[in-house]
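K.L.:
Under the working numbering, the first residue of the sequence shown carries the number 15, and numbering increases by one thereafter.
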Amino acid sequence: MKCRICDSEIFFLFSINDMPLTDDFLTLERIGKEFLGDIEIGMCLKCGTVQKINDYDLSDYYKTYFYRTSHSPFVLNFYEKVAEEVSR
Numbered sequence: 015m016k017c018r019i020c021d022s023e024i025f026f027l028f029s030i031n032d033m034p035l036t037d038d039f040l041t042l043e044r045i046g047k048e049f050l051g052d053i054e055i056g057m058c059l060k061c062g063t064v065q066k067i068n069d070y071d072l073s074d075y076y077k078t079y080f081y082r083t084s085h086s087p088f089v090l091n092f093y094e095k096v097a098e099e100v101s102r
């Protein structure tokens, strides 16, 4: 694996197996059915950056994920400021 910062070699440090992923609030009915993934951590031998070194397909994880920028007060405020700047 190559470093995401400097493209040098990564030294494997450790892994955490079957880790529940974030952004998922479980209902009582879904306990035990949460999306699990292994997390592998490594360190760049050149720049010293510690980073997650494995990737996995999250299409099943995000199949029922609902996010709309129109529901985010931060995004709405940001777009309002952009519109004000552009209209000047």
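Every residue, glycine too, gets a C-beta built ideally from N, C-alpha and C.
Taking all protein chains shown into account, decide if G56 is buried (16 or more other Cβ within 10 angstroms of its Cβ) or exposed.
P.N.:
As a position in the sequence shown, residue 56 is number 42, starting the count at 1. When all chains shown are included, G56 counts as buried.
K.L.:
Between the beta-carbon of N91 and the beta-carbon of S29, is there less than 9 Å?
P.N.:
Taking the first residue of the sequence shown as position 1, residue 91 is located at position 77. Taking the first residue of the sequence shown as position 1, residue 29 is located at position 15. Their beta carbons are not under 9 Å apart, which means N91 does not touch S29 by this criterion.
K.L.:
Measuring alpha carbon to alpha carbon, tell me which of D52, C58, V64 and V89 ends up nearest L72.
P.N.:
Here residue 72 corresponds to residue number 58 of the sequence shown, with the count starting at 1. Among D52, C58, V64 and V89, the Cα nearest to that of L72 belongs to D52.
K.L.:
For I95 and K66, I'd like the C-alpha separation in whole angstroms.
P.N.:
One-based indexing of the sequence shown puts residue 95 at position 81. One-based indexing of the sequence shown puts residue 66 at position 52. Contrary to the premise, residue 95 reads as Lys rather than Ile in this sequence. If I take the Cα positions, the gap works out to 35 Å.
K.L.:
Throw me the rounded Cβ distance for the E48 and L42 pair, which I believe falls under 8 Å.
P.N.:
Counting from 1 along the sequence shown, the entry for residue 48 is found at position 34. Counting from 1 along the sequence shown, the entry for residue 42 is found at position 28. With 8 Å as the limit, E48 and L42 do not qualify as a contact, their Cβ atoms being about 12 Å apart.
K.L.:
So the beta strand (DSSP E) E54 belongs to, where does it begin and stop?
P.N.:
Indexing the sequence shown from 1 puts residue 54 at position 40. Its beta strand (DSSP E) spans residues L50 to C58.
K.L.:
Please determine whether the Cβ atom of F26 lies at a distance below 8 Å from any heavy atom of the ligand ZN.
P.N.:
Ligands displayed in this structure: none; no statement on the ligand ZN is therefore possible.
K.L.:
For F28, which beta-bridge partners are listed by DSSP?
P.N.:
Position 14 of the sequence shown holds residue 28. According to DSSP, which records beta bridges pairwise, F28 is partnered with I55.
K.L.:
Go ahead and label C20 buried or exposed: buried means 16 or more other beta carbons lie within 10 angstroms of its beta carbon, across all protein chains shown.
P.N.:
Taking the sequence shown and counting its residues from 1, the one referred to as residue 20 is at position 6. It is exposed - the Cβ of C20 has fewer than 16 other Cβ atoms within 10 Å.
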